[in-house]
Structure formats: structure tokens, C-alpha cells
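One structure is given here, and the rest of the page talks about it.
Residue numbers (our numbering), protein chains in the order written: chain A, 9 to 341; chain B, 7 to 306; chain C, 7 to 312.
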């Protein structure tokens, strides 16, 4: 079976005053129909750039320099603007991080909900209105008709994010990319939004890519997960594989920095020491080695390939440190 | 430490020092370089006018009236830019005129700067009712038509270099006030002002010690814009006969004097106008350039 | 909206009141207004007569209130020079200035808005560079000099257009171009920067993610928000252009209120000067008030508020 979305060897460069920044390097990613795939990592690791590359909205200074993004057999990396905009909002839709600023303050919710539907020729105004009302109710907004005619300022952040979800669903897309959909929201609202998202996903049979730095989100909704660090995928597999049997020291570090995980007794979070290296200019070797407790001289010598830990579970590390070795589970990073 | 940690370090391009970045930005900024170059030439010409000028700016030579500049028919190297309707050497008068324009620009910017910066600091730092009052002053000032009020006041108290400087200085402070007010409001919320307060510094002390150096960039940028503004206004006032008085060689006055002979010797107004244009252009380019190179993201 | 309107109107009235006091105070800038009217060689008897005649012997505040009372009733004073009510002269002269101002303003908008939008839509393109060049050069050209150069080129050398007077529409072409060009750079720059800011906003990215066309994103989503600061600036510029007419009308001998202001200043005809200063100031206050109300109306949050 072919994947709905298949990214092969994707590389995205960003031009900066100091030189070219390798924001995404040699990324492979497959998403099947009906799958929820999470991309996790710290901020600045290339998650959002990957998402923007998928939907063809990279900022002006960023450029896809290698690789392909196959969506339903079409290579998005080679598609022109017209072709991309026919897919955008239609076959694939995006939900952004900041619900407070993502809606146009001068247009009504209804206008913003229906314009994509009308643009992609899905039906007339009446059909657009009916679908919008139906979806608003589906995402849990009461008094949908009243909201339809309101402006964004009268909606709370949680409601706006629900509107964004409804908007993404307007054209019955096959794929929704959600970039940190709950980060800006209250904790209680976060859970509701996530529940709504996964419910709608199974109901409508669509695929979901969720970009997040929050392992709680991953645990709640993901089928598969890709861990990214400094522009590279460092580990990928099913949720239980990656977090039950992590192969990369960074994955371990991420797990430990979650509330209520390793240091439950001390109520303190373990923090991965050091910082993400600057990606300007070429880097060779493992990009995590400056923060890694297991680094050896060989880590610096050459780029490291993904190796298979078990079926469908790969990781990018020289040292096979996964198999219950004490320093991986109990050691301090 | 030892070589065991060496392999861990990830080589990074050496980050250039802030002053190096600034220098690089300055030299790569074309507008700033062009503007700075033109301005430097004009300033040097004004400073060394007595040495450079071939004649006395007030020396009339009625036998040699309206001699055209050297590149036109009848021009000669004796008067590179020709002579005016009283036979005075045009280049000499332009060099001395640059002094007037620069003096007006600097003095006006200084006076309006002191007024505007003080009001802006007070409004931005204290906020609330004080801010309302100062915003009201700014709004009122903006409602007064500058050129008209300047003309009327200069006419009423008698036109002279000092009057023009004072009147313009007291009229052009509002941009200083607005910009400094906004920057002060932003800086006030930052930590270092709180830190100074925590150490027991008084309000006035905080204002002066902590804020002014941080506002230096905005002040310089606004000062250049107001200098250019003042120079154009002085030229306009002098052109209308209510600014600098003859026989002083103000560029605006020279355009006005040349106007009578507009039909016959158009270069009498072309040349001082071009100088005025170049001076204002160079000051604006320098101001815009300084804003660009000191902006955090380096552009716009 | 009503609450906002009332509040904003109150502010405008307060500014107008302050401005009128300052305008009134012009009378005393030179010291004794009676001496100013009669000149330095006047006799004491004459000065005493003039003082009494114009009410200069009253307390300052009383004079101001009487003056303001007359202004509010439409009595703008009596011209020393023309020996007729100032309002009579202004009724002849103002239409010319308003005509010039509106023509120049339309021209400025016609150039500045499309260029600013086009420049922002494609930064660093040829259009963007052209716009930048026009605005940098435009801000540095003194308008009186540009006017004279236009006369030299179009009237003297090419003989295409008249150089002075206001007899036909052709007389308005050159002054309109010069005054319009004076207001163009500021509006264009702000349009560009405001548009650039909006184009990089989150909601424009959302609009793009829906697959909307470039034009829809630009005009439906971006322009409506980007225009807000431009409206304020444009209104202020129209106000400044009225004052700018003093210079332009003098260059082209256009018999408008600006030219009248200049002549009256030279003649020491203070009531006429005061009336024009006051009118231009009030026009500025009214224009900025309208702009703010328009912007408030554009903002649904203010518009919908009770």
C-alpha cells in the first residue's frame, strides 16, 4: 500500500546573514491513510519548517534544496504555486499554533470559514453555510449560527482554535497538519481540543500530522512518532516502540524532561544540558554529541545513518545503548 | 579540558563581534555610504569655505553679472559656477550658504531635540495623566500649520538667522517627543529600569542614566530627519522673503533672487536647488541608513 | 461606536479650542498690536485710538473670549488691508485652495497606494526599487524649487502649460503635480511598510493555507488591515497640504488662501493671517477626527461596541 504522504531525503536551507542554515536535513517520513503521526522536538529543531514545506508555505528565505514530498503520488517539491494552492485547504489543510492571531480580525468567522470552500468550487454559498454550521457544531461550538456572524474578537482562544479546526475540515481534506495546535491554550482546553481532533480524525478517516514539543500530546493521540533534533530525524517508530524502547539518547532526554516522569520524587524536571548547535554552515557527525552522555570520538567523524532497532523502528545513533543499559534508563544526562 | 571532550564540541562559525557586525552593515549599506559621502563633501566645503572659496561672498562685480557656469557657452574657469545678478561668485556663495543650511539644521535639531526628548521621556516614563497632557500638546502642535505659523511669527518679530532657528526649533519637536515616548514606554517595562529602581535610584536619575544611552539610536535618527526638515523649511521661508535676509547667501534666498531672471538665466535657480536637494538627500540617506544598520534584524 | 465618537469629538474640540487661543495669541507675538498696525512712527493719540477701536485695552482673556465668540458666529474679523470682512475675501480664495488640495491629494493617493502595495507584494523587485527611489528623491526635493523647475521646463522651454494664475484647469496642472508629489513619499512608504507587516502576519498565512489566490489574500485579507495607519497618515497629509499651499500658490501665483496668507503676512494684515491659520488648523483637526472615526469603523470591535 502506498503512503498518503511520503517525504524522501528532504532538505530545506534558509539563507541568513551569517550563511546558509540547514534547517532540515535528509528527512524521511511516511504517513498512511488514517494515521496520526507526531513530529516531536525542541523549538528550533526544524519541525515547523518541515510542516510549512509540506504545505508549500515556506518563508521567502527558505528553500527546498533536495528531496521529494509525495502527496498522493504528486511531488509537492516540484509543484508550482498554482498547483500547490489547488491542494492547499482542499486536499491538505493546516492548523496553526496561535489561535489568537491566526484569524483575520476584520472578517467574520463565517467569511473566513467559507472562503476556502467557495474557492475550491465545493459548492455554492448555501452549501458552504450549511457545512460551516455543521462543522462548527461538530467541533463543539454552541450557537453556531451566532458565531458564524461574529468577528474573531468575541471568541476566546479555545473557541478560535475550534474554528480553525472546523476551517481545516471545510473541504474534506485527506491530510491535516497541525503545528503545535494546543501550545497556546489553557491546559483544560488543550485536552478538549485534542479529544475533538482525534475524534474527528477517526470519524472522517483523515490523516493527521501533529507537530509538538509536548510528549503528553504525543501519548494522547499519536500512532507513530518521529523525533527531530537539529533538523534531522533521530528516531522514528510507533509510539510504544519509541518511548518504550528508545534508541536515541535525545529521545531519552526528552522523556526525562517531562513532568511526572523520571524525577517524580523530587518534583523536579531533568533538563538536557547544553543547547542546540547553530545550523549555519555544514555540520558533520552526530548533531547531539555536545549534549550526549554517551558520545565517543567516532560520533564526530562522519554523518550517522538511521539504523533499524526493530521492525519499523529506526534511530540515528552509533551506540546501541537501547537494550536496557543502565546509563540509558537511570543515568543522568 | 582534555581530548576526551574535544570530539563533543561542534565546530561553529565564529560569531562576529557586535562592533564588527555594525561596521560590516555600515559598509554594505549603499544608501548610507552614498549619503555619508555627499554629506562629508558638503560639510568639508562648509567648514573650509574661507580657504576653498575663490572670492568674497559679498563682493559685487557689476561688470561680470550672470556669467554662466564653466560648462555653458560663455562660461569660464574664473567663475566655475558662474556669477549672480550682482556679479558675486556663485560657488563662493554656495560654499558659505552651506554653512547657513548646516547651522540651521544643527541648531534647530538641538533646540527641538531638547524640547521633544524631555517631553517624550516624561510622557513615556510617567505615563497616565502626564502622558495624556503631553499627547495633547503634541496633537495641538501637529494641528498648527508649521510653515504658516513660522512665516507669521518670523514676520512679526523680525526675520534674522536667530529668529529662524528659534522659531523652527520651537515648532519641530513633535517627532522627537513621539519617538522617544514610544521607546521609553517600551524600555520602561524592561528589567534594567526596575533593577535601577530596586537599587534606590530616584526617578530623574533613572531617566538620565539608564534611558538616554539606550535611546541614542532613535535620537540620532530623528535628529537627522529633523535637520533635513529644518533645512528645507528655512529654504522655503527664505524663498518667500521671510527667512534669512540679503545679502546672506542662504540657498533658498539664492533661488528666490534667481527667480526674477527665471526666463533668461535658469541655472541661477537650478544650481542652488540641486545643492539643497543633495544636502537634504544625503542627510535623509544617512538617517535611513543609521536606522537600518542599528535595527536588531538589520533591515527595515 | 457612539461612546468612542463622543470621546474622540471631545478631544478634537479641546485641541481646536487650544489652537484658537494660540492663533489669537499671534496678535501679541510682536508686542503691542496697535504699534504693529500703525508702524513705529505713530503718535500716542493714534495708538490710543487704535487700542480703543480694536479693543486692545481690554484684559487679554476678555479679548480672547470676545474674539472666539465672533469666530463661532462666522465673523472672522476685519482685514486691515482690504478694509472688508475677512470672510468675504476667504470665500473667494478658499475654493481655489480646496480645489488644489483635493486634486493634489487624489494624485498623491493615485501614485502612492498602488506603488506602495506593489512594492510590498514583491519586495526588492524592480517596482519596489522604483518606489524607494521615488520616495527618497521626493522627500529631498524642496517643493518651491520643484515648482520653479517645472515652470522652466513645461512653461518656458516647452511652452506647454501656463506658469502662473488660475484662469483655467490647465493652470492647476503644474501646482497639482508639485503639491501631490510633496505628499506622495510619506504615504507610499507607510503603505509599503504597513502592507509588509500585515503580509507576514499569522492570519495572512492562514488565508494562504486555505489555497486562496494571491489577489484575494492581498486585497481581501491584507489591505483591509494594512490601510488603517495609512488612513490616519493620509488625513494628516491632506491637512499639511493645505499649509503647503502657501508655498505652491506663491510659486505659481495662484490666488488661493495660501497665497493670501503669504501676502497678508508681508502686509501685516493680522486678522486675515489669524483667520487662515485658524481655518487650516481646524481643517487638520477635523480631517484627523474623520480618519480616526473611519478607522474605528473599520475595526469591528469598536464598531460593534455599544
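Note that beta-carbon positions come from the ideal geometry of N, C-alpha and C, so glycine has one too.
query                                                                                                                                     : result
Residue 22(A) beta carbon less than 8 Å from that of residue 55(A)                                                                        : no
Whole-number beta carbon distance between residue 145(C) and residue 191(C), since they are thought to touch under 8 Å                    : 5 Å
Where the region 15-41 of chain B meets chain A: residues whose CB sits under 7 Å from a CB there                                         : 15, 16, 18, 19
6 Å Cβ shell around residue 202(B) - same chain, five flanking residues per side excluded                                                 : 212, 216
Cβ distance (whole Å) where residue 107(C) is taken to contact residue 244(C) below 8 Å                                                   : 7 Å
Contact between the region 233-250 of chain A and the region 41-51 of chain A (3+ Cβ pairs under 8 Å)                                     : yes
The region 115-123 of chain C touching the region 155-165 of chain C, judged by at least three CB pairs closer than 8 Å                   : no
Whole-angstrom distance between residue 172(C) and residue 77(C), CA atom to CA atom                                                      : 29 Å
Inter-residue Cα distance where the pair is residue 97(B) and residue 86(B)                                                               : 7 Å
Which of helix, strand or coil DSSP assigns to residue 108(A)                                                                             : coil
Beta-carbon proximity check, residue 124(A) vs residue 179(A), cutoff 8 Å                                                                 : yes
CB contact below 8 Å: residue 142(B) versus chain A                                                                                       : no
Contact under 8 Å by Cβ, residue 38(B) with residue 286(B)                                                                                : no
Segment limits, beta strand (DSSP E) that includes residue 15(A)                                                                          : 13-24
Classification of residue 251(A) by the beta-carbon crowding that lies within 10 angstroms, buried from 16 upward                         : buried
Cutoff 8 Å: residue 281(B) Cβ touching any chain C Cβ                                                                                     : no
Rounded separation between residue 139(C) and residue 125(C) - CA only                                                                    : 12 Å
Neighbour flag for residue 301(C) against chain A, beta carbons, 8 Å                                                                      : no
Unbroken alpha helix (DSSP H) run spanning residue 225(A), endpoints                                                                      : 223-229
N-terminal and C-terminal residue of the beta strand (DSSP E) that residue 299(A) is part of                                              : No beta strand (DSSP E) contains residue 299(A), which DSSP labels as neither H nor E.
Straight-line gap, residue 31(A) to residue 15(A) (C-alpha atoms, nearest Å)                                                              : 15 Å
Boundaries of the alpha helix (DSSP H) in which residue 201(C) is found, first to last residue                                            : 176-205
Distance CB(residue 232(B))-CB(residue 170(B)) smaller than 8 Å                                                                           : no
Residue of 300(A), 289(A), 246(A), 295(A) minimising C-alpha distance to residue 261(A)                                                   : 300(A)
CB contact check: residue 261(B) to chain C, cutoff 8 Å                                                                                   : yes
Closer than 7 Å: residue 183(C) CB and nearest the ligand ATP heavy atom                                                                  : As far as ligands go, the structure on display features none, and thus does not contain the ligand ATP.
Buried versus exposed call for residue 13(A) [16 or more other C-beta atoms within 10 Å across all chains shown]                          : buried
Endpoints, the alpha helix (DSSP H) within which residue 38(A) is located                                                                 : Counting along the chain, residue 38(A) falls outside any alpha helix (DSSP H), though it belongs to the beta strand (DSSP E) covering 27-39.
Interface partners of residue 157(A) on chain C, CB under 7 Å                                                                             : By Cβ distance, chain C contributes nothing, its closest Cβ being about 11 Å from residue 157(A), past 7 Å.
For residue 152(C), the three-state DSSP class (helix, strand or coil)                                                                    : helix
Identity of the residue in 18(B), 43(B), 141(B) nearest residue 290(B) by Cα                                                              : 43(B)
Contacts around residue 169(C), its chain only, beta-carbon distance under 6 Å, and the 5 residues preceding and following it disregarded : 157, 161
Reduced DSSP secondary structure (H/G/I, E/B, other) of residue 32(B)                                                                     : helix
Residue 55(C) beta carbon less than 8 Å from that of residue 275(C)                                                                       : no
Beta-carbon proximity check, residue 186(A) vs residue 77(A), cutoff 8 Å                                                                  : no
Presumed contact (8 Å Cβ cut-off) between residue 229(B) and residue 119(B), rounded CB distance                                          : 6 Å
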